[in-house]
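Here the structure comes first, spelled out in structure tokens, and everything after it is commentary.
Residue numbers (the numbering used here): 41 to 690.
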């Protein structure tokens, strides 16, 4: 069969399609060739220098830049944890080649500590070969110059300048701020997703205290730099740099002048003192004695220095202000009194009779005054610290109401402070004893708790907060960090306590009598100013049992006992009585009597906080002025020069 002739229109259509396909393919080929040409130009022209370096056996390294650690200041803006330039000598193993030979050459130029060198070699074995390892830290400029001049003979060795932590106030803030130290394997294990910075050998992080609790904010973020190194590992030049982000600066609520005074006033005692602002809850001073110099830990403390700290029976490494918990003794009587008032069990004029003891379930509980106090109301019982009054009251209201009141006043509560091992203390209940001790609560337990003995435990910080809440009538919480990078932190608890104000006034009146009535247990540490009156409460907590035989023969005085068997001395107070500004708590371990040992310290610390310096001598009773004058002169001599200069300028 003959094929029909082709339509001319079909030929034209086919030619048109072929032409369009050809154009598309040609365009794609041209585009590809253009991209290839641009890529070749980029590699041959724009990247010529980098490929030339590779051709010459040079290499580009990326190295982390540790950020500047955030600094810490007191409430006046005075630095208490800062950064200072420090020279060091580092080695990169993969750039050094024969490490032993290079180190041997280096030892001919600069002195290397054998212990530090051994530690560096150990780090080198477990670290990546490209990471710099510190061989010598805090070297002199002369040593740096020697290394720089001899750089060609020291492949992989680099002198560097970095920042090192410094604590200019030394022991004054040791228990608050803590210290930094090199990252350990333990540190890395307890961090779920460790920052790459932490893998840099000898990089320092917070170990204890504020440095540890605020580590994430203080550390900052790393930067990076691209450096050109040649075949022997020598840095030829820096190609680019991206700066890191410095850590946040913290401002504390503490006044460095008051803090220094507290440590000086506590002296050689094993003791703690805390001062709280009654308006805000700010911790104005929080000192634990004895203390230590945190600068010793920055580079790694020696075995001998560490042994001196750990073998000291006064425990200088422990922060007694928040870690230490003690039977609060008679300072707990305000809690029992308020619980009795709030429960309606007693009123302002309710009295109990004190013959010097109380028999409960076949056991005799003694008052500190052997002959007894006679009939007393709550104000008188606080003034003279009558034990029997509070024995009777505790049996009537029960431990549950006492414990609840203690919690409302801040005892038995773990407060959210960025310090190490903040203790919760203990305000026992029937359920607690059943669960923890496996025993039922007994009436004698309530009698012991009435005078702050038995199972009751509180830290000095909690006792100061309790006093501030009683004085202010507010549910204040302690604040240690005043601002972060200039941003003021909130004041928490600036609301009324859930306690009748009339009941608080009655307890304050009893505390006023303690310090200002001739029969008051704190009268010996009074002040005589018409504008400033103290209101306080003494406490003495036993650390040993007194047998019936010893009572019959006469209780052994604290002075005749070994130090570690003496009673703890406590005193709490607030001032001024008419307009409370500060509240203070002092605990002297095994100090003896609260009135004779802790009260004078509390008075002096409180006045120092109110006057922001040494108070005038005429505020003290005439008989005490010469003693106080000598004491003030002695303590002034102990102040660092910078504190003395700042006071004189003020």
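Even glycine gets a Cβ: it sits at the ideal position worked out from N, Cα and C.
By the neighbour-count criterion, in which a residue is buried when 16 or more other Cβ atoms sit within 10 angstroms of its Cβ, residue 415 is exposed.
Sequence-distant Cβ neighbours of residue 360 in its own chain, meaning closer than 6 Å and more than five residues away, are 312 and 328. Taking the CA atoms as reference points, residue 641 sits about 31 Å from residue 529.
In this structure, 431 is the residue among 385, 431, 392 and 426 with its C-alpha nearest to the C-alpha of residue 404.
For the pair residue 511 and residue 602, the CB atoms are not nearer than the 8 Å cut-off. Minimum Cα-Cα distance from residue 392 among the listed residues 236, 377, 402 and 382 corresponds to 377.
Here residue 553 is buried. Its C-beta has 16 or more other C-beta atoms within 10 Å. As DSSP reads the structure, residue 613 sits in a beta bridge with 576 and 624.
For the pair residue 501 and residue 362, the CB atoms are nearer than the 8 Å cut-off. Here residue 635 is buried: its Cβ has 16 or more other Cβ atoms, across all protein chains shown, within 10 Å.
Across the structure, residue 408 and residue 436 are spaced so that their CA atoms are roughly 21 Å apart. Comparing alpha carbon positions, the residue from 564, 401 and 538 closest to residue 484 is 401. When Cβ pairs closer than 8 Å are counted between the two stretches, the segment 211 to 228 is seen to touch the segment 239 to 258, the count reaching three or more.
Each residue's CA atom was taken as its position, placing residue 490 and residue 633 some 19 Å apart.
Here residue 452 is near residue 465, since their CB atoms are less than 8 Å apart. Residue pairing for residue 291: DSSP places it in a beta bridge opposite 113 and 523.
Contact between residue 227 and residue 245 holds: CB atoms are separated by about 6 Å, below the 8 Å threshold. Judged by their CB atoms, residue 509 and residue 449 are nearer to each other than the 8 Å cut-off. Below 8 Å, enough C-beta pairs join the segment 274 to 290 and the segment 104 to 123 to call them touching: three or more. Residue environment for residue 143: buried (at least 16 other C-beta atoms within 10 angstroms of its C-beta). Residue 444 and residue 539 have their C-alpha atoms roughly 12 Å apart.
Annotation: the continuous alpha helix (DSSP H) that includes residue 337 extends over 335 to 338. The shortest CA-to-CA distance from residue 584 to any of 598, 573 and 577 is the one to 598. Using a 10 angstroms sphere on the CB of residue 580, the tally of other CB atoms reaches 16 or more, which defines it as buried. A straight-line Cα-Cα distance of about 34 Å links residue 525 and residue 612.
Annotated three-state conformation of residue 319 is coil, per DSSP.
Within the model, the alpha-carbon separation for residue 278 versus residue 140 is close to 28 Å. In terms of Cα proximity to residue 102, the closest of 412, 653 and 268 is 268.
Sequence-distant partners of residue 535 (beyond 5 residues in either direction) whose C-beta falls short of 7 Å from its own C-beta, in its chain, are 514 and 515. Counting only residues of its own chain and dropping the five nearest sequence neighbours on each side, residue 184 has a CB closer than 7 Å to the CB of 127 and 199.
Residue 203: member of the beta strand (DSSP E) spanning 197 to 206, first to last residue. Under the three-state reduction of DSSP output, residue 438 falls in the coil class, being neither helix nor strand. In this structure residue 673 is exposed. Its beta-carbon is surrounded by fewer than 16 other beta-carbon atoms within 10 angstroms.
Of the residues 157, 292 and 159, the one whose Cα lies closest to the Cα of residue 114 is 292. Here the alpha carbon of residue 520 sits roughly 10 Å from the alpha carbon of residue 316. Under a 10 Å Cβ-count criterion, residue 153 is classified as exposed, with fewer than 16 other Cβ atoms of the shown protein chains found around its own Cβ.
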